[in-house]
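Remarks on the structure that follows.
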Amino acid sequence: MPPLSPSSEKMQFQLNLRQRGISDRAVLKAMGDVPREMFVSSLDRADAYRDSALGIACGQTISQPFVVAYMTEQLQLKPEHRVLEIGTGSGYQAAILSRLCRDVVSFERYRTLADRARLVLSDLGYDNVEVVLGDGFDVPANLGTFDRIIVTAAMEEVPQALLERLEPDGIAIAPVGPHDGSQALVRFRRSGKAFERQELLGVRFVPALKGIAREL
Ligand code: SAH
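The sequence shown maps to residues 7 to 222 in my numbering.
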């Protein structure tokens, strides 16, 4: 088969997401609008629209598009929402979120990744994303609370202190499980002082680690 033209490649990309069960039109549009090739390593450009995770700098990964779309859909974003992401990585997930809500604050523990993501996001004009070099286990209190929280690195447990940063009725989604095994995507919904917890699918993410990385 001849290689697909860029636009039919994108159509196929959106079609695959639909076939895998993504139905939120705004999410599908964002997945179609954001150029994933800008977020992958230059060597992987040709594979940017394959449904697979890819390696990025600092031994980290850009998540599989289906998982990005799925987590985004599960967040039930509204245009007025303020969203916290832990694990900027390439900045791709933050870019998708930024098309669907008011503001994104995204934490990354590697300076190299934070700097690179900031650059790509600003080149694309996605100026409602703030990338912070910092530890997502220790989000400064002065950043307040969020309507939604998305964690894109595996946590053995989601700290209660992080869930407490949700607004009433807020939703958080995180891969939860051992660092060296498979994890489950877990969705938390704040209901008064309690949190409803629902396990969604099995996933595999790189681990969430404490502190800012000492390596660049
Ligand atoms: N959302 C990213 C993929 C995330 S990979 C994307 O769309 O490309 C997970 C990222 O989480 C890695 O870059 C890793 O460095 C970062 N990370 C791990 N623990 C963290 C922590 N405690 N605080 C902030 N970032 C963290």
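Here a beta-carbon is modelled for each residue, glycine too, at the ideal position from N, C-alpha and C.
For the ligand SAH, any of its heavy atoms closer than 7 Å to the Cβ of residue i?
| i | result |
| --- | --- |
| F40 | Note that residue 40 corresponds to Val in the displayed sequence, not to Phe. Checking the Cβ of V40 against the ligand SAH gives no. |
| F152 | no |
| R210 | no |
| G93 | yes |
| Y98 | yes |
| E114 | yes |
| G131 | no |
| T78 | no |
| Q166 | no |
| S188 | no |
| C107 | no |
I need the DSSP call for residue i, collapsed to helix, strand or coil.
| i | result |
| --- | --- |
| A75 | helix |
| I68 | strand |
| E162 | coil |
| F194 | strand |
| L83 | coil |
| F62 | In the sequence as displayed, the identity of residue 62 is Ile instead of Phe. I62: coil per DSSP, three-state reduction. |
| P12 | helix |
| A219 | coil |
| D57 | coil |
| D50 | helix |
| V33 | helix |
| R210 | coil |
| F201 | strand |
Excluding the 5 residues flanking residue i on each side, which residues of the same chain have their C-beta closer than 7 Å to its C-beta?
| i | result |
| --- | --- |
| I102 | A36, M37, V40, V74 and T78 |
| E15 | Y55 |
| I218 | R115, L139, G140 and D141 |
Buried or exposed for residue i, going by 16 or more other Cβ atoms inside 10 Å?
| i | result |
| --- | --- |
| R220 | exposed |
| S29 | exposed |
| E86 | exposed |
Can you name, in chain order, every residue of its own chain whose Cβ lies under 6 Å from the Cβ of residue i, other than the five neighbours on each side?
| i | result |
| --- | --- |
| F113 | I92, V138, G140 and G142 |
| S58 | Q70 |
Is the Cβ of residue i closer than 8 Å to any Cβ of chain C?
| i | result |
| --- | --- |
| Q18 | The chain inventory of the structure shown lacks chain C, comprising one protein chain alone. |
Should the region 68-82 be called in touch with the region 137-144, which here means at least 3 C-beta pairs below 8 Å?
The region 68-82 vs the region 137-144: no contact.
At a cut of 8 Å, does the region 195-202 reach the region 124-136 through at least three beta carbon pairs?
no
Does the region 205-216 come close enough to the region 176-192 to have 3 or more Cβ pairs within less than 8 Å?
The count of Cβ pairs closer than 8 Å, one atom from the region 205-216 and one from the region 176-192, reaches three, so the stretches are in contact.
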